[in-house]
Amino acid sequence: MNKPWYYIVFILTLVLAVGCTRAEDTHKEDGKTADGKIRIIEYGDFKCPYCKKVEEKIMPKLKKDYIDSGKVDYQFVNMAFLGEDSIIGSRAGHAVQRLAPEHYLKFQALMFQQQPNTEKEWITQRIVDQQIDQLKVSPELRDKIKHDYKAKHSQSWKAAKKDQEQYKAHHIDTAPTVFVHGQKLDDPYDIESYRKILEKESDD
-5 MNKPWYYIVF ILTLVLAVGC TRAEDTHKED GKTADGKIRI IEYGDFKCPY CKKVEEKIMP
55 KLKKDYIDSG KVDYQFVNMA FLGEDSIIGS RAGHAVQRLA PEHYLKFQAL MFQQQPNTEK
115 EWITQRIVDQ QIDQLKVSPE LRDKIKHDYK AKHSQSWKAA KKDQEQYKAH HIDTAPTVFV
175 HGQKLDDPYD IESYRKILEK ESDD
């Protein structure tokens, strides 16, 4: 009499397990933007040395071949999980993204360049301000960006919090994790993995 219930519970467990795995491997709803650009989503942290590898090895090629031409919409979801200072970098990134979006990728590259070979806290407001000062924006806009990421409950604070909620909701536990057109890459350090999907979707 108890066997049918055992099998039902077993089957339901398998269904749930498969569902969780699929949630981790695909972001089908994030494949393209409303204007048809192919979306690349990278989950990472400015303090992550493996994310720095993607920044140095992959991003220049993606920017040159796809982002600058308007074919791709790139989004960095800052997990801010490698220490309390990580959230400072995330807030600053969102402030730049919102107020000077054309300068965001430059800011991201500058932040990764500052990454030391240590797990200690290093992202400070002073470090962040120095990178913002290198952006080719007006002094007024520069001050506005700095104020936004430092002001409690600002738009950048809310956006940084949303990033943390997003990676947890999608069960992302590894940085970097990269999705191209909703497909999780097995090797985020291989440019051909990106091109294979991007060229296919561009031809469709």
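With the first letter of the sequence shown counted as 1, position 27 gets the number 21 in the numbering used here; the numbers rise by one all the way through.
Here a beta-carbon is modelled for each residue, glycine too, at the ideal position from N, C-alpha and C.
query	result
Same chain, Cβ closer than 6 Å to S150, five either side skipped, listed in chain order	R85, H88, A89, D142, Y143
At least three beta-carbon pairs within less than 8 Å, the stretch 40 to 52 to the stretch 65 to 77	yes
Rounded Cβ spacing between Q91 and K46 (contact assumed at less than 8 Å)	Incorrect: roughly 19 Å between the Cβ atoms, too far for contact.
Own chain partners of T15 with C-beta closer than 7 Å, once the 5 adjacent residues on each side are dropped	The predicted model places T15 with a pLDDT of 34, which falls under 50 and marks its position as unreliable; any figure quoted below should be read in that light. Counting only Cβ-Cβ distances below 7 Å, and skipping sequence neighbours, we find nothing.
Which residues DSSP lists as bridging G38, in chain order	N72
Three-state class that DSSP yields for Q124 in the structure shown	helix
Own chain, CB closer than 7 Å to D24, minus 5 neighbours either side, in chain order	R33, I35, F173, G176
For S196 and A169, the rounded distance between their alpha carbons	27 Å
Identity of the residues DSSP links to R33 by a beta bridge	D67
Minimum C-alpha distance to D29 - residue among E50, K57, D67	D67
Sequence-distant residues of its chain with Cβ nearer than 8 Å to K162 (five each side left out)	none
Residue from Y60, V71, H97, E115 whose Cα sits closest to the Cα of S80	E115
Status (buried if at least 16 other CB within 10 Å, exposed otherwise) for D180	exposed
Nearest-angstrom Cα separation, counted from Q69 out to H165	17 Å
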